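Residue numbers (this note's numbering): 304 to 593.
Note that beta-carbon positions come from the ideal geometry of N, C-alpha and C, so glycine has one too.
This structure is a prediction, so every number in the text was calculated from the model and none was measured.
Okay, structure first, notes after.
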Amino acid sequence: MKKRELKRGIIRIVSGGDTYGYEIKRRLAAQGEKLQLSYIYKTLKEMCNEKLLQSELREGDQGPPRRQYHLTPKGEKALGVIFGEATELIHDYYEEYVTGLPPEFFSEKFEMMMHEVYGGRKNVALVISEPLTRLHRLILDKLCTRVGGERTYLIKPSHIKADLDTTDLTVLDGWFEDIPMKDKSLDAIVAVDVQDSENLEASCKEFRRVLRNGGILVGCTPFMGLGGANDPLDVGEFMKKAKYILSGRPYLDRETVRKAFARTFDYVDVANIAFMTAFVAGLKPIKLVA
Numbered sequence: 304m305k306k307r308e309l310k311r312g313i314i315r316i317v318s319g320g321d322t323y324g325y326e327i328k329r330r331l332a333a334q335g336e337k338l339q340l341s342y343i344y345k346t347l348k349e350m351c352n353e354k355l356l357q358s359e360l361r362e363g364d365q366g367p368p369r370r371q372y373h374l375t376p377k378g379e380k381a382l383g384v385i386f387g388e389a390t391e392l393i394h395d396y397y398e399e400y401v402t403g404l405p406p407e408f409f410s411e412k413f414e415m416m417m418h419e420v421y422g423g424r425k426n427v428a429l430v431i432s433e434p435l436t437r438l439h440r441l442i443l444d445k446l447c448t449r450v451g452g453e454r455t456y457l458i459k460p461s462h463i464k465a466d467l468d469t470t471d472l473t474v475l476d477g478w479f480e481d482i483p484m485k486d487k488s489l490d491a492i493v494a495v496d497v498q499d500s501e502n503l504e505a506s507c508k509e510f511r512r513v514l515r516n517g518g519i520l521v522g523c524t525p526f527m528g529l530g531g532a533n534d535p536l537d538v539g540e541f542m543k544k545a546k547y548i549l550s551g552r553p554y555l556d557r558e559t560v561r562k563a564f565a566r567t568f569d570y571v572d573v574a575n576i577a578f579m580t581a582f583v584a585g586l587k588p589i590k591l592v593a
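Next comes the structure, spelled out in structure tokens:
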């Protein structure tokens, strides 16, 4: 077992609370990892020096004091990274599954909603924060082939590659809070994963800045607010919330996002389609799709 994977395994084990070294050895053994206790303690010492763990001697009911380990704030952030990787993997596979279902289960409904956004609008942008997924490509395909369209933009963080064969598409580096376009230059925006915004209020103001009068925005957020306000979180939203909290970032729930859009735009509606929550916001005058 490589040292990096051992440390990640220890972080997952210790996340359950104060843990003795021998308990870590037993848990690793149950996972099929047969390691010497001395090697485990050496790794635990390294992790304490790296400020991932903190240890304390605790008196036992019998025998000498034993050392217990728990996560530090830095260790909790490392756990957040591990959780985030698992969350993105599961969500990506689930998104592939849903978007690959027969059209009547998702794509037809999603396209109907999206048509209200881009139908007959000249300049439209897709703004993303994560690497391109099947859903992103589905949206881009519809945007680039829309009737009456003139310019289509993909706005993405600079570290994300856009390996696309799509014609009539302008790719720009930007972010929710920094869209590299002039004031009132867009007729519609599709923003995916708006929860990733580092400053939602600033993002909403930026969306409004680049939209023309009568412009419309749809903020798509997978795995959020699919149940009732008082219902337990489903597994998709639970994983997403844990990812944010463990990484030290605030979790923006459905009502928080809705209120942010409502403070900035003239109207906002919320709709659920399969695993997706969509916030549809816009500026007056309302333009109906032909």
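- The Cβ atoms of residue 520 and residue 510 sit closer than 8 Å to each other.
- Here residue 585 carries a strand assignment [DSSP, helix/strand/coil].
- Residue 394 holds the alpha-carbon nearest to the alpha-carbon of residue 546 among 418, 394, 449.
- In terms of CA proximity to residue 453, 489 leads the group 489, 434, 419, 440.
- In the displayed model, residue 350 falls within a helix according to three-state DSSP.
- Under the DSSP assignment, residue 576 falls outside any alpha helix (DSSP H), being part of the beta strand (DSSP E) whose first and last residues are 570 to 576.
- With respect to the 8 Å criterion, residue 506 and residue 480 are classified as neighbours on the basis of their beta carbons.
- If the five residues before and after residue 377 are omitted, its C-beta is found closer than 7 Å to the C-beta atoms of 354, 355, all from its own chain and listed in chain order.
- By a beta-carbon distance limit of 8 Å, residue 589 does not contact residue 416. Their separation comes to about 16 Å.
- Apart from the 5 residues on each side of it in sequence, residue 476 sits with its Cβ closer than 6 Å to the Cβ of 461 in its chain, given in chain order.
- Along the stretch 512 to 566, the alpha helix (DSSP H) occurs as fully enclosed runs of 4 or more residues at 538 to 549, listed in sequence order.
- Taking C-beta atoms under 8 Å as the contact rule, residue 583 and residue 574 qualify, at a distance of about 7 Å.
- In this model, residue 338 and residue 349 are separated by some 16 Å (Cα to Cα).
- Here residue 330 has 316 as same chain residues with Cβ atoms under 6 Å from its own Cβ, once five neighbours each way along the sequence are excluded.
- Annotation for residue 430: no alpha helix (DSSP H) segment contains it, though the beta strand (DSSP E) segment containing it runs 426 to 430.
- For residue 432, the closest of 370, 498, 449, 379 by C-alpha to C-alpha distance is 498.
- Selection 319, 421, 469 evaluated against residue 372 yields 319 as nearest (Cα-Cα).
- In this structure, residue 535 keeps its C-beta atom at 8 Å or more from the C-beta atom of residue 578.
- As the crow flies, the alpha-carbon of residue 357 is around 45 Å from that of residue 493.
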